[in-house]
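Residue 247 is where the sequence shown starts when you use the working numbering, and the numbers rise one by one after that. The beta carbon of each residue, even a glycine, is placed where N, CA and C say it ideally should be. Note that the structure is predicted; figures quoted are calculated from it, not measured. Take a look at the structure set out below.
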Amino acid sequence: MDWGMENRLARLIQSDGHCMFLPIDHGYFQGPTSRLEKPGDTIRPLVSMADGLFVTRGVLRACVDSRKSPPVILRVSGGTSIIGKDLSHESLITSIREAIRLNVAAVGISIFVGSEYEYDSLLNLGKLVDECEDYGIPVMAVTAVGKELEKRDARYLALSCRIAAEFGAKVVKTYWCENFDKVTNGCPVPVVIAGGPKCETEREVFEFVHDGMQKGAIGVNLGRNIWQHEYPVAMMKALRAIIHKKATVQDAQEIFGKEKAKKN
Ligand code: 5RP
């Protein structure tokens with residue numbers, strides 16, 4: 247691997263081989279979604295604990311301090327909205343030139359395997375990887391399911407992750423599911439776990455992140471289950487302990503409890 251590519255990946259994936267990415271890109275199709283109405287305010291208490299920030303260029307420029315930003319994974323696909331016809335109909339919306347100008351550590355793009363626009367989204371990925379390889383920029387592929395949340399099973403996610411890796415993604419982001427080792431075992435590049443809609447309890451989040459890490463994930467790209475939680479800092483600290491300090495679910499629950507108590 248070329249020095250530049252290696253250096254960018256090392257900025258994101260820490261020396262223990264693990265990572266905790268904080269996504270705040272949801273507005274690119276959801277608009278000012280709950281607790282992300284003012285992205286700058288949402289991330290202010292969290293940003294120093296993130297190993298990477300997944301964000302669009304618009305929010306990066308408007309809401310993130312260039313002097314205090316963690317390494318950036320720039321979302322470069324889009325073109326649809328939650329009120330539009332089909333969330334899978336995306337194109338590349340940001341150039342490599344812009345990614346370089348913003349000094350990003352990686353770029354991120356969604357693929358929609360099995361959707362009407364499967365072919366287009368996979369060609370977008372191939373084109374992006376080709377361009378990024380020229381400049382040593384890693385591509386993170388997001389195995390998106392649009393509104394079809396029921397697609398989140400091991401068979402489907404293993405298929406999507408493997409295809410993303412075959413197309414040259416350096417990291418693949420996918421949902422946690424039962425038998426998550428089927429997903430990681432079939433994917434020759436590192437896998438990070440996305441959270442999906444907010445869970446009922448923090449314990450559920452600790453459980454699926456812990457299980458995913460035991461079954462081969464290198465970390466998370468977790469948004470709503472952190473910043474839509476009433477205690478986002480406590481969530482962040484507890485999850486960091488699972489990812490970087492081998493904490494158990496019970497350890498994480500205790501860290502969460504202590505941090506929550508500090509706030510009261
Ligand atoms: C949205 C994304 C998000 O980065 C991804 O879904 C992770 O966030 P969350 O944990 O809230 O699901 O790609 O398009």
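Exercise for the section: Could you name the residues of the same chain whose beta carbon sits closer than 8 Å to that of D262, not counting the 5 residues immediately before and after it, in chain order? Expected result: Taking the sequence shown and counting its residues from 1, the one referred to as residue 262 is at position 16. Excluding residues within five positions, the ones whose Cβ falls inside 8 Å are H490.
Practice task
Note down the Cα distance separating E336 from G324, rounded to an integer number of angstroms.
Solution key: To locate residue 336, count along the sequence shown from 1; it is residue 90. To locate residue 324, count along the sequence shown from 1; it is residue 78. Near 5 Å, if we compare the C-alpha coordinates of G324 and E336.
Problem - For G414, the nearest candidate out of G382, P317, Q499 and R398 (CA to CA) - result: Translated into the one-based positions of the sequence shown, residue 414 becomes position 168. Nearest C-alpha to G414: G382.
Problem - Buried versus exposed call for S406 [16 or more other C-beta atoms within 10 Å across all chains shown] - result: Taking the first residue of the sequence shown as position 1, residue 406 is located at position 160. S406 should be labelled buried.
Practice task
Along the beta strand (DSSP E) that carries M386, what are the first and last residues, could you check?
Solution key: The residue given as residue 386 occupies position 140 in the sequence shown. It spans V385 to T389 - the beta strand (DSSP E) in which M386 sits, taken as one unbroken run.
Exercise for the section: Please report the residue range of the beta strand (DSSP E) in which A440 lies. Expected result: Within the sequence shown, residue 440 is the residue found at index 194, counting from 1. Residues V437 to A440.
Handout entry: DSSP state of K461 mapped onto helix, strand, coil
Key = Numbered from its first residue, the sequence shown carries residue 461 at position 215. Coil, per DSSP.
Problem - Closest by C-alpha distance to G465, when choosing among E446, C445, A487 and Y477 - result: Stepping through the sequence shown from its first residue, residue 465 is reached at position 219. G465 has its Cα closest to that of A487, out of E446, C445, A487 and Y477.
Handout entry: Nearest-angstrom Cα separation, counted from R303 out to D376
Key = The sequence position of residue 376 within the sequence shown is 130, counting from 1. The sequence position of residue 303 within the sequence shown is 57, counting from 1. In a straight line, the C-alpha of D376 is about 21 Å away from that of R303.
Handout entry: Among G250, G469 and R257, the one whose alpha carbon lies nearest that of T279
Key = Position 33 of the sequence shown holds residue 279. Nearest C-alpha to T279: G469.
Practice task
Find out if the Cβ-Cβ distance for the pair V417, V435 is shorter than 9 Å.
Solution key: For this step, residue 417 is matched to residue 171 along the sequence shown. For this step, residue 435 is matched to residue 189 along the sequence shown. Contact flag set, yes.
Handout entry: Coarse secondary structure for G324, derived from DSSP in three states
Key = By one-based count along the sequence shown, residue 324 stands at place 78. Three-state result, G324: strand.
Exercise for the section: With a threshold of 8 Å, establish whether the CB of L306 neighbours any heavy atom of the ligand 5RP. Expected result: Taking the sequence shown and counting its residues from 1, one reaches residue 306 at position 60. The answer is no for L306.
Exercise for the section: Write down every uninterrupted run of the alpha helix (DSSP H) in the region 291-317 whose length is 4 residues or greater and which is fully enclosed by it, in chain order. Expected result: 303-309
Handout entry: Inter-residue spacing [alpha-carbon to alpha-carbon] between A400 and M386
Key = As a first step, residue 400 is located in the sequence shown; it is residue number 154 there, counting from the start. As a first step, residue 386 is located in the sequence shown; it is residue number 140 there, counting from the start. Whole-angstrom Cα-Cα distance: 20 Å.
Handout entry: Among W249, V479, A351 and L320, the one whose alpha carbon lies nearest that of I270
Key = Along the sequence shown, one-based indexing puts residue 270 at 24. Residue L320 is the option with its Cα nearest to I270.
Problem - Boundaries (first-last residue) of the alpha helix (DSSP H) holding Y421 - result: Residue numbering aside, residue 421 sits at position 175 when the sequence shown is read from its first letter. No alpha helix (DSSP H) holds Y421; the beta strand (DSSP E) holding it covers V417 to Y421.
Practice task
Taking only heavy atoms of the ligand 5RP into account, decide whether any of them is closer than 8 Å to the Cβ of R313.
Solution key: Against the sequence shown, residue 313 aligns to sequence position 67. The answer is no for R313.
Practice task
Could you tell me which residues DSSP pairs with S337 in its beta bridges?
Solution key: In the sequence shown, residue 337 corresponds to position 91, counting from 1. Answer by DSSP bridge pairing, in chain order: G324.
Practice task
Kindly examine the ligand SAM and report whether one of its heavy atoms sits closer than 8 Å to the Cβ of N370.
Solution key: Ligands present in the displayed structure are limited to the ligand 5RP, and the ligand SAM is not among them.
Exercise for the section: Reducing DSSP to helix, strand and coil, say where L405 ends up. Expected result: Numbered from 1 along the sequence shown, position 159 holds the residue referred to as residue 405. Of the three classes helix, strand and coil, the one that applies to L405 here is helix, per DSSP.
Practice task
In angstroms with no decimal places, state the Cα-to-Cα distance between V350 and I259.
Solution key: Here residue 350 refers to the residue found at position 104 of the sequence shown. Here residue 259 refers to the residue found at position 13 of the sequence shown. If you take the alpha carbons of V350 and I259, they lie about 14 Å apart.
Handout entry: DSSP beta-bridge partners of A352
Key = Residue numbering aside, residue 352 sits at position 106 when the sequence shown is read from its first letter. Looking at the DSSP assignment, A352 forms a beta bridge with I319.
Handout entry: Distance between I346 and E500 (C-alpha atoms, nearest Å)
Key = Counting from one through the sequence shown, the residue named residue 500 turns up at place 254. Counting from one through the sequence shown, the residue named residue 346 turns up at place 100. Rounded to whole angstroms, E500 to I346 spans 41 Å at the Cα level.
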